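Here the protein sequences line up with chains A and B, keeping their order. In this text, residue positions in the first sequence follow our numbering: the first is 1, and each later residue adds one. In this text, residue positions in the second sequence follow our numbering: the first is 1, and each later residue adds one. For reference, the structure discussed in these notes is given below.
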Amino acid sequence: MIAVVDYGVGNLFSLCCSLERIGADAKVTSDPAEIRGAEKIILPGVGAFADAAKKLRDSGLDKVILEQAAASKEIMGICLGMQLLFEKSYEFGEHTGLGLLKGSVIGMEGTLPTELKIPHIGWNALHFTKESKLLKYIKEGDCVYFVHSFYVDPGAESVVATAEYGKFVTAAVQCGNVMGCQFHPEKSGEVGLNILRAFCEKEETL
Amino acid sequence: MITKRIIPCLDIKNGRVVKGTNFQGLSDVSSPIELAKHYSDCGADELVFYDITASAEGRQLFTDVLREVASQIFIPLTVGGGINTVDDFDRVLKCGADKVSVNSGAIRNPQLIYEAAQKYGSQCVVLSADIKRVDGQFRVFAKGGREDTGMEAIAWIKKGVALGAGEVVVNSIDTDGVKQGFDIEMLQAVCDAVNVPVIASGGAGSVQHFTDLFRAIPTIDAALAASVFHFGQIAIPDLKQELKKNNIIVRL
Numbered sequence: 001m002i003a004v005v006d007y008g009v010g011n012l013f014s015l016c017c018s019l020e021r022i023g024a025d026a027k028v029t030s031d032p033a034e035i036r037g038a039e040k041i042i043l044p045g046v047g048a049f050a051d052a053a054k055k056l057r058d059s060g061l062d063k064v065i066l067e068q069a070a071a072s073k074e075i076m077g078i079c080l081g082m083q084l085l086f087e088k089s090y091e092f093g094e095h096t097g098l099g100l101l102k103g104s105v106i107g108m109e110g111t112l113p114t115e116l117k118i119p120h121i122g123w124n125a126l127h128f129t130k131e132s133k134l135l136k137y138i139k140e141g142d143c144v145y146f147v148h149s150f151y152v153d154p155g156a157e158s159v160v161a162t163a164e165y166g167k168f169v170t171a172a173v174q175c176g177n178v179m180g181c182q183f184h185p186e187k188s189g190e191v192g193l194n195i196l197r198a199f200c201e202k203e204e205t206l
Numbered sequence: 001m002i003t004k005r006i007i008p009c010l011d012i013k014n015g016r017v018v019k020g021t022n023f024q025g026l027s028d029v030s031s032p033i034e035l036a037k038h039y040s041d042c043g044a045d046e047l048v049f050y051d052i053t054a055s056a057e058g059r060q061l062f063t064d065v066l067r068e069v070a071s072q073i074f075i076p077l078t079v080g081g082g083i084n085t086v087d088d089f090d091r092v093l094k095c096g097a098d099k100v101s102v103n104s105g106a107i108r109n110p111q112l113i114y115e116a117a118q119k120y121g122s123q124c125v126v127l128s129a130d131i132k133r134v135d136g137q138f139r140v141f142a143k144g145g146r147e148d149t150g151m152e153a154i155a156w157i158k159k160g161v162a163l164g165a166g167e168v169v170v171n172s173i174d175t176d177g178v179k180q181g182f183d184i185e186m187l188q189a190v191c192d193a194v195n196v197p198v199i200a201s202g203g204a205g206s207v208q209h210f211t212d213l214f215r216a217i218p219t220i221d222a223a224l225a226a227s228v229f230h231f232g233q234i235a236i237p238d239l240k241q242e243l244k245k246n247n248i249i250v251r252l
């Protein structure tokens, strides 16, 4: 079973439908025991970083995720869920994240050429920078759907794909068992489903 | 680079797709689910569903259709029509909409934009405006283009964006249904006034009209159309190939 962590942030309808489409056995849950018992964990999220980080802490699920990550369970953050995996965010102040990945979340405001609009909304092409299991079934140049105003500093070691929007912004990350994407795979057509497929498939026994 | 979006718009009445010319003379076109699936398969970047039903039964049919579409189609879905309260946002977002567009509801109560943006984020709130030239002025019309609000359109759109709208759909009543091309003058005026994505609507009759639009206004983000797609006059894959040939960046 794949646990989709429900900590009261965002609408999980489309994500659940897309997981169902690829045949994944997914369950939306806020139960620590279920999350511990899951094969993999998805951390979704939309909205503001500070609010989401607080909800995750208040629910106590931050500790469960940290403990499961330490136990080598595969964890995928989506959109704000991916940002939460990092050390900190500068979205309206300075806020602490889970710190599973090194790096920080920064704003686009004031850093883009003036003709570019914020948020970065729409379909943009992926540029691969490293190998990652998430990118296994898709190819360089495939487009995915983004909606965001803040992004992970692309200098982060875990970056595996970027998208060009006036500059290179972080699109996908992976460091061992912890990974994620800034864009919405559940809204990125067949390419997005293939990213979820790559994450959800059972490990080949080594 | 970010791609220019092509967005088919489906007007839904009692669970079926309809399309009119100049907002009148509606005719049944097809099943929303079949049509949505077809568009998603052939490369539509997003779909817009407008609920033009007035009755409670029609509204229920609409959310049933929306839920079904959202469970099968994995591209962004925008919903409009009959959105008057934050509860209406809630109703359609729960059924799988990603963005909600407000029109007459926001004209009656501009705070709706602010409240919805606070609750769901600006990326979720689309301001849709039906605009027509009256006495040399761009004028906002309400109630599906039937009622002149007396408001100047650019000022209204600026206000909507300041209140939190994250995207703007500009529908020119002057060019809608006429199929002589998009309203470049009106769209340029809106693009010059705001720094959020602007979606062009009204007037598409040929592939050339889309090329003309994106060439004339490099800052326009997307083009929306209905009947040219529904009646098969323009196939989206052909349209995108043609745009690409003209160096307009699209998702293929």
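Note that CB positions come from ideal geometry on N, CA and C, so glycine has one too. Keep in mind that this is a model prediction, so the values were computed, not measured.
- For residue 103 (chain B), same chain residues with a beta-carbon under 6 Å away, outside a window of 5 residues either side, are 128 in chain order.
- Shortest Cα-Cα distance from residue 126 (chain A) to any of A:21, A:172, A:95, A:150 involves A:172.
- Taking 3 residues as the minimum length, the beta strand (DSSP E) runs contained wholly in the region 27 to 66 of chain A are 40 to 43, in order along the chain.
- Ranking B:49, B:42, B:72 by CA distance to the CA of residue 16 (chain B) puts B:49 first.
- Boundaries of the alpha helix (DSSP H) around residue 200 (chain A): 189 to 200.
- Interface annotation for the region 114 to 126 of chain A against chain B: 114, 115, 116, 117, 118, 119, 120, 121, 122, 123, 124, 125, criterion Cβ-Cβ distance under 9 Å.
- Spatial neighbours of residue 8 (chain B) in its own chain (CB-CB distance under 7 Å, excluding positions within 5 residues in sequence) are listed in chain order as 39, 44, 47, 225, 226, 229.
- Around residue 57 (chain B), no beta-carbon contact reaches into chain A at under 8 Å, the shortest distance being about 23 Å.
- In the three-state reduction of the DSSP assignment, residue 209 (chain B) falls in the helix class.
- Taking residue 74 (chain A) as the centre and dropping the five residues before and after it, the same chain places the C-beta of 40, 177 closer than 6 Å to its C-beta, in chain order.
- Where residue 114 (chain B) is concerned, the enclosing alpha helix (DSSP H) starts and stops at 111 to 120.
- The Cβ atoms of residue 108 (chain A) and residue 149 (chain A) lie closer than 8 Å to each other.
- Residue state for residue 100 (chain A) is assigned as coil, using DSSP reduced to three classes.
- By the criterion of at least three beta-carbon pairs nearer than 8 Å, the region 155 to 171 of chain A is not in contact with the region 59 to 78 of chain A.
- A:145 is the residue among A:61, A:55, A:157, A:145 whose C-alpha sits nearest the C-alpha of residue 78 (chain A).
- When the Cα atoms are used, residue 111 (chain B) and residue 125 (chain B) turn out to be separated by approximately 12 Å.
- The Cβ of residue 162 (chain B) sits no closer than 8 Å to any Cβ of chain A.
- Taking 7 Å as the upper bound on Cβ-Cβ separation, chain B lies near residues 11, 13, 14, 17, 18 of the region 1 to 20 of chain A.
- CA-to-CA, the gap between residue 128 (chain A) and residue 92 (chain A) works out to about 30 Å.
- Chain A places a beta carbon closer than 8 Å to that of residue 197 (chain B), counting this residue as a contact.
- Between residue 89 (chain A) and residue 99 (chain A), the CB-CB gap reaches or exceeds 8 Å.
- Closest in alpha carbon position to residue 156 (chain A), among A:130, A:136, A:137, is A:130.
- For residue 98 (chain B), the chain A residues whose Cβ falls inside 7 Å of its Cβ are 187, in order along the chain.
- In this structure, the straight-line span from the alpha carbon of residue 4 (chain B) to that of residue 34 (chain A) is close to 42 Å.
- Contact with chain A is absent for residue 227 (chain B), since none of that chain's Cβ atoms lies less than 8 Å from the residue's Cβ.
- A Cβ-Cβ contact shorter than 8 Å links residue 2 (chain A) with residue 200 (chain A).
- Among the CB atoms of chain A, none fall inside 8 Å of the CB of residue 8 (chain B).
- For the 8 Å CB-CB criterion, residue 66 (chain B) and residue 98 (chain B) do not form a contact.
- Under the 10 Å beta carbon count, residue 202 (chain B) is surrounded by 16 or more other beta carbons and is classified as buried.
- Inter-segment contact for the region 167 to 180 of chain B and the region 196 to 213 of chain B is present: three or more beta-carbon pairs are separated by less than 8 Å.
- DSSP places residue 126 (chain B) outside any alpha helix (DSSP H); the residue lies instead in the beta strand (DSSP E), whose first and last residues are 125 to 134.
- Exclusion of the five residues before and after residue 38 (chain A) leaves 1, 2, 3 as the residues of its chain whose Cβ lies within less than 7 Å of its Cβ.
- Using a Cβ-Cβ cut-off of 9 Å, residue 112 (chain A) is close to nothing in chain B; its nearest Cβ partner there is about 11 Å away.
- For residue 152 (chain B), the enclosing beta strand (DSSP E) stretches over residues 147 to 152.
- The straight-line gap separating the alpha-carbon atoms of residue 7 (chain A) and residue 62 (chain A) is approximately 10 Å.
- Among the residues of the region 130 to 158 of chain A, those with a Cβ less than 7 Å away from any Cβ of chain B are 143, 145, 147, in the order of the chain.
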